[in-house]
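A short worksheet on the structure shown next.
Numbering (our numbering), first residue to last: 1 to 1056.
Next comes the structure, spelled out in structure tokens:
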């Protein structure tokens, strides 16, 4: 139906042209355009394409001033005497007729006054007729137009309100015109009501559909807007901006307002298209949600919800913002505010999906996420979370279907953004968007996008073909995805709805049992790079010769560092990996001074390289390194993971090491990553785990460059075959068994590694941070068959539901609830993960603790827990740096380091004073390991970089707090006591630390547990739970010392 056929065009709805927001499809004018209402010489034009019922509306227009002082007028021929309902008068009495004023003459005189802009006089003249007949529809309409022309829109609205909506000639027109004026008066609720009343009676009223959709879009009520826009699509009358609005309903339709007017004013139509300036707090809230300003969403919407005035769509959006913010208290309050209509909205169901996933109730999560996607199949985040829920239940086939759908959604969003930036849209880009929509089973939208291109080109033959396709589509009844398509064949009835009362109870119990954080005062941080001062001269090289950019996949990883006391003098020493080699052999040249691994001995005031005398030079291209007592002789040994060859370096006890090659399938195509030594088989002998990244003959391929040699894009792991993780099991006699932890088909791109007791059951588990694939948490069963617990325990995916580009891993008790937590760094445009252990499983709470946005713009590598100010709360240090100096990257190649102070309820990014200048400049950071280099009771750390010198960051913070460091020696378990739990109590706090191996990204920390004690000078109680299950307790220990605990020994030892 065209607009002119609905019977309203002759009265008030031509004024609608003022508010039509149109993207110019081209700079051409279609021959079948119509010119709408003239207002003070300004013309609003609709450029329409109407062909066999297919009307694609485009073009440019203008609109009047937003000020109500000079509203639009109506042409004289818009309301005529013939519109007057003569049935409203009693013509049966000549006496009455004789007494009536000269109606025709009064109208003519009023029109004359109007022509002279004497609106008030014309208004008063017509008023005499209204006194005689208060129900005179024509006079009501004329007076309303005069009041509007005289600047009194409110009076015009009131007059049109006197016309019954069911009046056969003027009722609907009065609703439409008064709705338009309500918009100009910012009376948006009234405007909505009037448009809805009109559409109740005439569902295909194009202008009302368009106006209401535009209102809803500006109010952030995107799902309601989409319902009207889809109706316009069915009618074949749709504009480019309206098609854009269907791509992703979670996002806002937004144009920034001009500087010279308020965002609440009616926007002027710019040359490039409409302006979607947010209306009221609702529109601002949707924009804030898109920009991830979830706190702002809460603040904007809560007042209206408290007054029970918020539309259900906005109540649903509030819940989703609270869920994304991970605010349990806000979610609990939201559950008490739900209106009955809220179940109609996808945001409501998406919120429940987040809640159920956090509690690992995957069955009910699938149900509610399906309900969300049934209502909004464009919901990118819910699609990702659906994949997570299905994958966590082992439904890999179904999960893959949703991942494929996620990929197609991503393609449609990217294509849409490309088209939106073009004026006019490029036909190739539009075709890419149309193809993406076809892939998503959205054929009608695809046809309409192609018709935009055909119209712009004046291709009538193509338009006719597209119109035929449209009519055929409508005849078949499937222009939009049906329920089966939206849910990929899933039957939601097989999955239960959630028990929201149980969720509220769970949160109450969690709140009652959570440990209270200490305080929220941060101490100014100070670190200085003393590498040069102390004589450390290590630079990790990615090739035989220095190379500053254009890295192959293996070169992007950098190299690691391990901290150990190899000579048992009580001072931590350093062992560095080294690349400095090229394919095909990946062995460094003997003449290359940078080639091979290096060992530095700590001599208190300096570090001295002892690589040669210690016989620790290994010349393969090495990445991950670690330390541990492999042969249980009380001396720390070394291991290095290399391309082609990995080695054990056995400590001889005389300052030298003996090299043993780790026998594994020979391959220079396999790129290993982190490596760790710990007992994972349960026999109390340490095993060795080597994580695999890629295993592909093309792993040496370089990224493309432009004509000037600039790198275009970085290499990506999904372009290579993944590598298997390898396990070397200690046989106790110097030999080992070898086995991969997975089949090649189930390999993943592993980088970070931590070995610890994560589930509280006997034995250690292996947590692996995978790059772009779900993380793993391997547990070896009784038959040594590994079982992946990551999805079951909630650490396989990020909070968004997708796999992340995981790299570094830090272990600690970040929320002080005495359970083990994980911090995982990720690739750019991904939040770091903060997996907090709650209810015997992990929940990614990165946003709740304010780690999301601060990490999103960085490529995070090494990360460690570090109580830099000794207040008892574990802080975080992160080293960042991009993969390559490529045009495609968002941030810079070099990136700043970050120190996050733990404030109890959140992490705060800290400024760091650094007299050496290292911290103030962006870096190419990779591995990071903690140690107390100078034994002053403050944690320091060492950082490796790519093609830049490694740094030794010594803690110079003036904290003035007490501390204790604990070293463990197992006698019944392995000597390194990996998996032990140490709990320390003082007068005002209880703190827990865990002895772990792997330590994150390509590294090994100093093997002591550090406790900040704050102002406490005495430890009241120290309790250790050994990996064997044995418990030991020690009491009344003076602070500010390092102590040694030996399993089964009744006394502890103070170390010098």
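Beta carbons: idealized from backbone N, C-alpha and C, even for Gly. Fair warning: this is a prediction, and the values are worked out from it, not measured in the lab.
Rounded straight-line distance, which links the Cα of residue j to that of residue i
i            : j           : result
residue 875  : residue 937 : 16 Å
residue 1047 : residue 657 : 27 Å
residue 952  : residue 864 : 15 Å
residue 573  : residue 623 : 18 Å
residue 74   : residue 345 : In this prediction, residue 74 scores a pLDDT of 33, lower than 50, which makes its location untrustworthy; the coordinate-derived value is nonetheless stated afterwards. Approximately 39 Å between the Cα atoms of the pair.
residue 958  : residue 740 : 48 Å
residue 890  : residue 847 : 21 Å
residue 301  : residue 350 : 18 Å
residue 567  : residue 599 : 12 Å
residue 465  : residue 243 : 20 Å
residue 155  : residue 173 : 17 Å
residue 323  : residue 317 : 10 Å
residue 1023 : residue 907 : 28 Å
Under 9 Å between C-beta atoms of residue i and residue j
i           : j            : result
residue 283 : residue 228  : no
residue 980 : residue 1026 : yes
residue 860 : residue 826  : yes
residue 562 : residue 626  : yes
residue 982 : residue 996  : no
residue 433 : residue 419  : yes
residue 974 : residue 629  : yes
residue 135 : residue 162  : yes
residue 620 : residue 541  : no
residue 819 : residue 738  : no
Start and end residues, beta strand (DSSP E) containing residue i
i           : result
residue 646 : 646-651
residue 823 : 821-824
residue 952 : 951-955
residue 602 : 598-602
residue 866 : 860-866
residue 878 : 875-880
Distance cut-off 8 Å: residue i Cβ against heavy atoms of the ligand COA
i           : result
residue 975 : The ligand content of the structure shown is nil, which means the ligand COA is not present either.
Of the residues the options, the one placed nearest residue i, counting alpha carbons only
i            : options                : result
residue 643  : 655, 555 and 717       : 555
residue 240  : 303, 114, 450 and 166  : 450
residue 909  : 199, 851, 873 and 606  : 851
residue 245  : 1054, 324 and 223      : 223
residue 714  : 740, 958 and 887       : 887
residue 220  : 180, 420 and 313       : 313
residue 744  : 233, 693, 945 and 616  : 693
residue 687  : 695, 676, 697 and 696  : 676
residue 1007 : 993, 1013 and 107      : 993
residue 206  : 230, 412, 191 and 193  : 230
residue 360  : 335, 1032, 498 and 453 : 498
residue 1098 : 296, 291, 338 and 294  : Given that the chain is displayed from residue 1 to residue 1056, the structure contains no residue 1098 and the question cannot be resolved.
residue 757  : 841, 523 and 772       : 841
residue 596  : 603, 602 and 588       : 588
residue 441  : 452, 183, 405 and 454  : 405
residue 667  : 585, 954, 612 and 691  : 585
residue 149  : 525, 122 and 315       : 122
N-terminal and C-terminal residue of the alpha helix (DSSP H) that residue i is part of
i           : result
residue 747 : Unbroken run through residue 747: none, as it is neither H nor E.
residue 490 : Unbroken run through residue 490: none, as it is neither H nor E.
residue 853 : 852-856
residue 289 : 280-290
residue 416 : 396-420
residue 452 : 443-457
residue 532 : 531-534
residue 613 : 611-614
residue 315 : 312-324
Check your understanding: On the three-pair Cβ rule with 8 Å, is the stretch 867-881 touching the stretch 383-399?
Key -> No, because fewer than three Cβ pairs between the stretch 867-881 and the stretch 383-399 fall closer than 8 Å, the two stretches do not touch.
Exercise for review: Count the C-beta pairs between the stretch 319-335 and the stretch 452-468 that are closer than 8 Å, then say yes if the count reaches three, no if not.
Suggested key: Judged by pairs of C-beta atoms under 8 Å, the stretch 319-335 does not touch the stretch 452-468, as fewer than three such pairs exist.
Check your understanding: Touch check for the stretch 787-806 and the stretch 377-391: three-plus C-beta pairs under 8 Å?
Key -> Contact holds: three or more Cβ-Cβ distances are below 8 Å.
Point to revise | Cβ contact check for the stretch 535-555 and the stretch 704-720: 3 or more pairs under 8 Å | key: Per the Cβ contact rule, the stretch 535-555 is in contact with the stretch 704-720 (3 or more Cβ pairs under 8 Å).
Practice item. Please determine if the stretch 536-551 and the stretch 577-592 are in contact, where contact requires at least 3 C-beta pairs separated by less than 8 Å. Key: By the Cβ criterion, the stretch 536-551 is in contact with the stretch 577-592, since at least three pairs of Cβ atoms, one from each stretch, lie closer than 8 Å.
**Study point:** Three or more C-beta pairs below 8 Å linking the stretch 747-765 and the stretch 698-712
**Key:** Touching, no, given that fewer than three Cβ pairs across the two stretches are closer than 8 Å.
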